[in-house]
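These notes are about the structure you will find just below.
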Amino acid sequence: MNFLEFARVCEQLEGIPGRLAMIDLISRVLPTLSDEELPVFIRFVMGRIFPDWSPEKLGIGPSLLYEGVAYVAGIRKEEVVRIINRTGDVGKAVEEILARKEQTSFFSEELSLLDVYRELAAIAATGGVRSQKEKLRVVRKLFGNAGPLEGKYLSRIMLEDLRIGVGEGNVREAIARAFRIDSYQVEHAFQAINDLGQVALLAREGEERLKEVRIELFHPVKMMLAQQGSIGSAIAENGAMAAEYKYDGSRFQFHKSGGTCRMYSRKLEDVTDALPDVAELLMKSTNHDVILDGEVIAIQDGRPMPFQTVLRRFRRKYGIDEIREEIRMIPNVFDILHLDGETLIDLPFSERRSRLILVVQDYVAPQVMSADPEVIGTMYQDALAAGHEGLMLKVPASPYTPGVRGKNWIKIKPAVDTLDLAVIGADWGEGKRAHLFGSFLLACQDSSGSLIPLSKVATGFSDEQLQEMYALLSDRVISESGKEVRFEPGLVIEVGYSEIQMSPNYEGGFALRFPRFIRLRDDKSIDEIETLEGIRDRHSRQSANGKG
Ligand code: AMP
1230 MNFLEFARVC EQLEGIPGRL AMIDLISRVL PTLSDEELPV FIRFVMGRIF PDWSPEKLGI
1290 GPSLLYEGVA YVAGIRKEEV VRIINRTGDV GKAVEEILAR KEQTSFFSEE LSLLDVYREL
1350 AAIAATGGVR SQKEKLRVVR KLFGNAGPLE GKYLSRIMLE DLRIGVGEGN VREAIARAFR
1410 IDSYQVEHAF QAINDLGQVA LLAREGEERL KEVRIELFHP VKMMLAQQGS IGSAIAENGA
1470 MAAEYKYDGS RFQFHKSGGT CRMYSRKLED VTDALPDVAE LLMKSTNHDV ILDGEVIAIQ
1530 DGRPMPFQTV LRRFRRKYGI DEIREEIRMI PNVFDILHLD GETLIDLPFS ERRSRLILVV
1590 QDYVAPQVMS ADPEVIGTMY QDALAAGHEG LMLKVPASPY TPGVRGKNWI KIKPAVDTLD
1650 LAVIGADWGE GKRAHLFGSF LLACQDSSGS LIPLSKVATG FSDEQLQEMY ALLSDRVISE
1710 SGKEVRFEPG LVIEVGYSEI QMSPNYEGGF ALRFPRFIRL RDDKSIDEIE TLEGIRDRHS
1770 RQSANGKG
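Here our numbering is used: the first residue of the sequence shown is 1230, the next is one more, and so on.
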């Protein structure tokens, strides 16, 4: 497949409003692709480059991309930024810039889908001092051979934000339809191998191949997630529940094979080098080859420390030895997904738990199994008194469903009105804070994963937190005009508010009253932010309560 053909498919998809027509179009393309092209197409059409399990990062920021495009078009980088500000979209801007260039250039090679993938993979593999130069060279080469339409989608792929509304759900359905396979089997295989590209290849070989999939060591799977609920209704619906403390730290997945181990964060980044102490503790706790799921917390004087302390450690790349002296990190293991070559996710939780206790000697989170709301209620009070966040109630018969926020895990914690939202823009601060961002534009997501602005937040930040925000966001700037900047979306924060209001000021029709910053949630990925549906829901519940 030529990259131009791929771009044309994207263009068509971008113009299709309905989900079914999208699935239909993708399902007609898939059988025409070679085995090598199929997984690449699948990832690209979702705006991804590498399998979801892969910690590989492209590492091209907006700035490098603009520099490459400017060079190819023979204009200044500032001019590129100006056009992006005018069009409000990097893809459209690059399309416009390359259309002007096209009239003047004669030499260009045809780009294939696989050429683009190989070049991008090579960029991701470049490290070291020369890497920026090398990356720029490849970016120039790619844009040098790209026409306007190719450039539009190439730039969006480089920023991993394709904006054509094709999410995992649509692609799963398209694979099922293209290769005549039950969509449950596609989803199930995806949960275990965490790469729809690979799933498509297996689906082409037949349903039996899909059924055989196993979790592989060092290919992290998505974490199973929880829904909010209450003790009473959880027990009424399910009978006896397995209750554990809800630790307020950071999620990890630990993979061990013989003497080797890796740890992954909730976003499936490899965080082993940031947490050598925790990895060491877990290595010593078992002689088996395992994948463990757990939460790491920081302890000082016997009590858990604020969650921010833990997150900072996850981010930390240097000076690990000094901090590890100060803060003790303790893993709490609550699940096992793989044991000595066997995939366990389809076993009932109670069965997985028995294996866990059998093979892991330390750090297994204590558990109480009970159908008595009073017993669980007492445990909840104990959890809060000990400084934990609350309880997790788990259905003993439930499988482990990677990436699913279902009813089999119920979180019980004190009610707070907070939302996890994506930071998509900011205004520069004033006075003393003029060199930092002062207020931030926040977005939720609609059902297709598009970001919908919801509110600005300017209060609740300490000076230190504003500096931290700046450090995390400064190389995500996509465009800037006057005092306003736009970011490549990626960072998630938790905000409090007093009320959700209807508002014509934002396209989603809602705004937050008195928003305030609570904490960074850079352990969460952008697809975990609040949905517009959720906001609507909260708004109507709030109206029913006489507020708003
Ligand atoms: P939330 O982030 O509020 O959706 O809550 C779910 C998170 O709680 C999980 O992703 C874990 O990081 C964390 N957690 C803490 N303790 C547990 C536990 N015992 N079982 C499962 N998840 C836990």
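All C-beta atoms, glycine included, are put in the ideal place defined by N, C-alpha and C.
- If you draw a straight line from the Cα of Tyr1493 to the Cα of Val1519, it is about 14 angstroms long.
- For Thr1538, no beta strand (DSSP E) run applies; the uninterrupted alpha helix (DSSP H) run containing it begins and ends at 1536 to 1544, by DSSP.
- If you draw a straight line from the Cα of Thr1647 to the Cα of Tyr1726, it comes to about 7 angstroms.
- By the C-beta criterion, the region 1442 to 1456 is judged not to be in contact with the region 1500 to 1513, since fewer than 3 inter-stretch pairs fall below 8 angstroms.
- In the three-state reduction of the DSSP assignment, Tyr1300 falls in the helix class.
- If the five residues before and after Met1598 are omitted, its C-beta is found closer than 6 angstroms to the C-beta atoms of Ala1469, Ala1471, all from its own chain and listed in chain order.
- With 16 or more other Cβ atoms from the protein chains shown falling within 10 Å of its own Cβ, Ala1407 counts as buried.
- In this structure, Tyr1474 has its beta carbon less than 7 angstroms from a heavy atom of the ligand AMP.
- CA-CA distance, Glu1324 to Leu1259, rounds to 26 angstroms.
- According to DSSP, Glu1524 shares a beta bridge with Arg1480, Asn1561.
- Membership of Asn1399 in the alpha helix (DSSP H) is indicated by the continuous run 1397 to 1407.
- The ligand AMP has no heavy atom closer than 7 angstroms to the beta-carbon of Lys1496.
- Residue pairing by DSSP places Tyr1493 opposite Gln1482, Asp1499 in a beta bridge.
- Within the same chain, no residue comes within 7 angstroms of Gly1356 by CB-CB distance, once the 5 residues on both sides are set aside.
- Within the same chain, Cβ atoms closer than 6 angstroms to the Cβ of Phe1578 are found at Lys1623, Pro1625, Ser1627, the five residues on either side in sequence being excluded.
- Met1558 has its alpha-carbon roughly 10 angstroms from the corresponding atom of Met1534.
- Secondary structure of Glu1723 (DSSP, three-state): strand.
- Excluding its 5 nearest sequence neighbours in each direction, Asn1231 has C-beta neighbours in its own chain below 8 angstroms: Glu1339, Leu1340, Ser1341, Leu1342, listed in chain order.
- Going by beta carbons, Leu1566 and Ile1574 fall inside the 8 angstroms limit.
- For Val1507, the closest C-alpha among the options Arg1765, Ser1459, Asn1561, Thr1538 is that of Asn1561.
- For Glu1466, the closest of Lys1636, Glu1265, Arg1272, Gly1711 by C-alpha to C-alpha distance is Lys1636.
- Relative to Pro1682, the option among Leu1670, Thr1688, Phe1270 whose CA is nearest is Leu1670.
- DSSP, read as helix, strand or coil, puts Glu1338 in coil.
- Look at Leu1510: its beta carbon is at least 7 angstroms from all of the heavy atoms in the ligand AMP.
- With a threshold of 16 other beta carbon atoms within 10 Å, Gln1414 meets it and is buried.
- Contact annotation: Val1367 and Ala1350 have beta-carbon atoms that are not nearer than 8 angstroms.
- With respect to the 8 angstroms criterion, Cys1490 and Phe1483 are classified as neighbours on the basis of their beta carbons.
- Shortest Cα-Cα distance from His1448 to any of Glu1762, Gly1276, Ser1486, Leu1587 involves Ser1486.
- Around the CB of Gly1426, 16 or more other CB atoms lie within 10 Å, so the residue is classed as buried.
- According to the DSSP secondary-structure assignment, Thr1572 is paired through a beta bridge with His1567.
- Distances between the C-beta of Leu1648 and the heavy atoms of the ligand AMP are all 7 angstroms or more.
- The ligand AMP has a heavy atom closer than 7 angstroms to the beta-carbon of Glu1524.
- Taking 7 angstroms as the cut-off, one finds no heavy atom of the ligand AMP near enough to the beta carbon of Leu1701.
- Annotated three-state conformation of Arg1392 is coil, per DSSP.
- The region 1383 to 1399 makes contact with the region 1238 to 1247, as at least three CB pairs between them are under 8 angstroms.
- Closest by C-alpha distance to Leu1439, out of Ser1710, Leu1365, Ala1421, is Ala1421.
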